[in-house]
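Asker:
There are 2 protein chains.
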Amino acid sequence: MRVETVAIGNEIIEGRTIDTNGAFLGRELTERGYRVSRHTVLSDEPEALFQGLKEALSRSTLVVATGGLGPTVDDLTKNVSLRLFRTALQMDSNLYDEMRERLGDLPSLQEQSRVPKNAIVLRNQIGTAPGFLFLSTEGSLMLLPGVPREMEQIFRDEASQLLSEHFPVVAKEQTVCLYLCQLSELELDPILREIQSAHPDAKIGIYPSLGSLQVQFAVSRDFDRLDQWAERIRKIFPTHLFDGPAIHEAIQRALISRGQTLALAESCTGGALCSRLVSMPNASKYLLGSVVAYSNEWKEHFLSVKHETLEEQGAVSVETAREMVEGLFQHTKADFAIAITGIAGPIGGTEENPVGTIFIAIGERGGTIDAGKIMAPPHRTSAIEFALQYALGALWRRLAYQTLTFI
Amino acid sequence: MRVETVAIGNEIIEGRTIDTNGAFLGRELTERGYRVSRHTVLSDEPEALFQGLKEALSRSTLVVATGGLGPTVDDLTKNVSLRLFRTALQMDSNLYDEMRERLGDLPSLQEQSRVPKNAIVLRNQIGTAPGFLFLSTEGSLMLLPGVPREMEQIFRDEASQLLSEHFPVVAKEQTVCLYLCQLSELELDPILREIQSAHPDAKIGIYPSLGSLQVQFAVSRDFDRLDQWAERIRKIFPTHLFDGPAIHEAIQRALISRGQTLALAESCTGGALCSRLVSMPNASKYLLGSVVAYSNEWKEHFLSVKHETLEEQGAVSVETAREMVEGLFQHTKADFAIAITGIAGPIGGTEENPVGTIFIAIGERGGTIDAGKIMAPPHRTSAIEFALQYALGALWRRLAYQTLTFI
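Chains as they are written, first to last, in numbering that gives the first Met the number 0: chain H, 0 to 406; chain F, 0 to 406.
The following block contains the structure:
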């Protein structure tokens, strides 16, 4: 069964909005065993939208599209779907009453309650744009609104059930996914190439993101090979594996299960490390907070970094990173502490410390402080992401394998 | 001239990686006057890749594609392009020498220096994957690597120049873009509908993101209408406009030009507000830092929030938000201070303060503290984004228009 996804909107094509809906749908559909073969972003222009959807439907059993269902002037998807499925709108008075009860007397409710005659309506519990499912042997179309949280709610509460009813997954290939931190793609690639040449039927993917790697094996027969390959990688890199996809999730699980807490002191990452950890629900169960001491005065005042250290070694130095960790232990009750200080650029680099120079220190209360220098890509957002991923990798390997990175 | 963009990789289709390259290319091409008509994400499967690129080329004058040019096992784009343009690889020894000088003796250099015979090579100054431009009257193809920072460097340093040489922009429609904060899309929509019905030839887009709006008008004749429409919106919402696209950029410009500084105290946003500000180069010129006091103890210790306030009013209260701002003025030299405390969920909501309840306080040293409650969407990442956008909107309107939000 061929499944394609579509995102609709000039704001996506022109890059004003990053297409997170495509990623959400890709992930959710893949997890449910569907093979997504293509994702297309179409403009708000009615003819281009009609053509693009028509082509996708002709190639696929099911197309899941997001966007253009709202009440504003550039929302055209509902009308285009009427042409595609040769139908018209009709008032759904239940839907109208339900929205009125939930949202009050909004001017857009009348229009938003008019639904295509031959579509199944998917209830939106947050906004005013319902989703629709058109079933057809010549390609079925599911339309979902473009606002991510509305789309996600409808997908999970309504669409998912309809998919398994109308599009049951029959044969499914098996996959195994491994996640590794503090490892480069080139260290892993030779092993994957060996496996690939011995098993040409296997699908092998390696997905590096700054500071961590994801490896995926997929086969449609002889499934026990998957375990053998995973075991092989586990043996070669025993202290780099983590329970993915997100390393901060693995860290959260480890610290909560031990009843331990974490405090952060950030300079160049500017709160991005803390923000990443806080993106997970329940972060408050182990995370005390972060002192984002972007200025030297803050490093002294809030973290008791010595004035002499800042003067003599500089704010970007291993000594300052160490003292930031010591300051966290002094000012808070944290069991673990991470400090990051560096130069994310584009300005501020020196001959000694060019842009991308980052110092990281990680300590356990009463234990050693592991501290050292890394070189991140000399590009502001990449440097920040690389530094925080590296710090998380170092903390994870210390927690899970008692591996110190720098000492 | 029709231009399409393509991103290649199973990790994008399956949602493990968010497609930021598509957004980058869309933005850059649009800014240069190209009209991007479609963006497609294709899988790493050779036949699907071949077909998808072939279709895109048959529809377009130019296709710009990213991904699959690396040295690892799942990088297939270069080989597929050989089939599309009926050519073969040849060794580029200048490229090889250049990479060896820059990167040392990496095992992948030999393979990465083999380039398609009839393509223009685009130098990668960061990694090992060069880009390629195949020129053809039946559709030209530009291939760029998938690693965002490498792709962006090649695009800016090499591709951009080649585009204007080989694909000069002839006629170009004019556009005007307005950015508004602390305003809902429904407040603006009636005005846009009026304009649209009086001027059916105008392209009007409204792009809400959590807490701010972008409005775009485009016409291909009678360009002075653009100014009239902009002026009309300016008159109706005089204190909501900011110099977009990013409100934190507008705030940074304002504070640096006044020589004033900003300090933050964050609870539920967990560093996301500070991290957003730090994403801009030069943030250190006005931003002192953020105390991310995720725990009550930190609010007392670092921000001198009174124990009684936390006990009696709770950490999520307007009083705590005010005291966090007062604490920042006491502990730091900041001219402006923002505090955010709230419940991002999914847990922690109460009857009085359900998930999505956020208190924001904004103060100027020696001036009033503007503080109050907002209701954010009850969804963790949306609540965090909404809260920080709202706080930035409130700070901007205070800086630019002396408008207080809550008082």
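Glycine residues also receive a C-beta, built at the ideal position from the N, C-alpha and C atoms.
#1: How about F/I235 and H/D73: are their beta carbons less than 8 Å apart?
#2: Taking Cβ-Cβ distances shorter than 8 Å, what residues in chain H pair up with F/F23?
#3: Which term fits H/T411, buried or exposed, when burial requires 16 or more other beta carbons within 10 angstroms of its beta carbon?
#4: Just the chain H side, please: which residues come within less than 8 Å of F/Q195 by C-beta, in chain order?
#5: Is the CB of F/S316 under 8 Å away from at least one CB in chain H?
#6: Three or more beta-carbon pairs under 8 Å between the region 349-363 of chain H and the region 180-191 of chain H, yes or no?
#7: DSSP state of F/I11, grouped into three classes?
#8: Taking the alpha helix (DSSP H) that F/M279 belongs to, which residues open and close that run?
#9: Between H/S303 and chain F, is any beta-carbon pair separated by less than 8 Å?
#10: Compute the beta-carbon to beta-carbon distance between F/F133 and F/V114, rounded to the nearest angstrom, for a pair I have assumed lies under 8 Å.
#11: So what's F/S57 in DSSP terms, helix, strand or just coil?
#12: Interface residues of chain H around F/N9 at Cβ under 7 Å?
#13: Less than 7 Å between C-beta atoms, sequence neighbours within five positions excluded: which residues of the same chain meet that for H/N9?
#14: Whole-angstrom Cβ separation of H/I339 and H/T260, contact assumed at under 8 Å?
#15: Considering only the alpha carbon of each residue, which of F/Q160, F/S59, F/G344 and F/A229 lies closest to F/Y178?
#16: Thinking just about the alpha-carbon of each residue, which of F/L212, F/F385 and F/R364 is nearest to the one in F/M374?
#17: Along chain F, in chain order, which residues have C-beta atoms closer than 7 Å to that of H/I17?
#18: Scan the region 208-272 of chain H and note each continuous alpha helix (DSSP H) run of 4 residues or more that stays entirely inside, going in chain order.
#19: I need the straight-line Cα distance from H/V317 to H/F358, nearest angstrom please.
#20: Whether or not the region 197-214 of chain H and the region 381-397 of chain H are in contact is what I'm after, with contact meaning three or more pairs of Cβ atoms, one per stretch, closer than 8 Å; do they touch?
#21: Just how far apart, CA to CA, sit H/S57 and F/N295?
#22: Compile a chain-ordered list of the residues in the region 178-190 of chain H whose CB is closer than 8 Å to at least one CB of chain F.
#23: Between the alpha carbons of F/F222 and F/S196, how many angstroms are there, rounded?
#24: So H/G288 is in the beta strand (DSSP E); what residue range does that whole segment cover?
#25: What's the C-alpha gap between H/D369 and F/V62?
#26: Look at the alpha carbon of F/K53 and the alpha carbon of H/R233, and state the distance between them as a whole number of angstroms.
#27: At a CB-CB cut-off below 7 Å, which residues of chain F make contact with H/Q388?
#28: Let me check understanding here. Comparing Cα to Cα, which of F/P45, F/R15, F/L75 and F/L24 lies closest to H/A22?
#29: Report all residues from its chain with a CB closer than 6 Å to the CB of H/V175; omit the five preceding and five following residues, and keep chain order.
#30: Take F/S219 and list the residues in its own chain whose beta-carbon comes closer than 7 Å to its own, dropping the five residues that flank it on each side.
#31: At 9 Å on the CB atoms, spell out the chain F contacts of H/G392, in chain order.
#32: By a C-beta neighbour count over all protein chains shown, 10 Å radius and 16 as the cutoff for buried, is H/D18 buried or exposed?
#33: In chain order, what residues of the region 339-368 of chain F put their CB closer than 7 Å to some CB of chain H?
#34: Using the rule of at least 16 other Cβ atoms within 10 Å of the residue's Cβ for burial, across every protein chain shown, is F/I361 buried or exposed?
#35: Measuring alpha carbon to alpha carbon, tell me which residue in H/E151, H/F49 and H/A118 is nearest H/G25.
#36: Going residue by residue through the region 119-204 of chain F, where are the continuous beta strand (DSSP E) segments of at least 3 residues, counting only ones entirely within it?
Answerer: Checking against the coordinates, here is how it stands:
#1: At least 8 Å separates the beta-carbon of F/I235 from that of H/D73.
#2: G14
#3: Lying before the first or after the last residue shown, residue 411 of chain H is absent from chain H, which here runs from 0 to 406.
#4: Per Cβ cutoff of 8 Å: V72.
#5: no
#6: no
#7: Helix.
#8: That residue, F/M279, is in no alpha helix (DSSP H); it is neither H nor E in DSSP.
#9: no
#10: Between F/V114 and F/F133 the Cβ distance is about 11 Å, and since that is not below 8 Å, they are no contact.
#11: helix
#12: G204
#13: S42 and D43
#14: About 18 Å separates the two Cβ atoms, so there is no contact after all.
#15: Among F/Q160, F/S59, F/G344 and F/A229, the Cα nearest to that of F/Y178 belongs to F/A229.
#16: F/F385
#17: I17, T19 and A22
#18: 223-235 and 246-257
#19: 6 Å
#20: yes
#21: Cα to Cα, H/S57 sits roughly 58 Å from F/N295.
#22: E184, L185 and D188
#23: F/F222 and F/S196: Cα-Cα distance of roughly 17 Å.
#24: L286 to A292
#25: 49 Å
#26: Their Cα atoms are separated by approximately 40 Å.
#27: What H/Q388 touches in chain F: nothing, since even the nearest Cβ is about 14 Å away.
#28: F/R15
#29: F216, L225 and A229
#30: E172
#31: Within chain F, no residue comes near H/G392; the closest Cβ sits about 18 Å away, beyond 9 Å.
#32: It counts as buried.
#33: P345 and I346
#34: Its Cβ being crowded by 16 or more others within 10 Å, F/I361 is buried.
#35: H/E151
#36: 119-121, 130-133, 139-143 and 173-180
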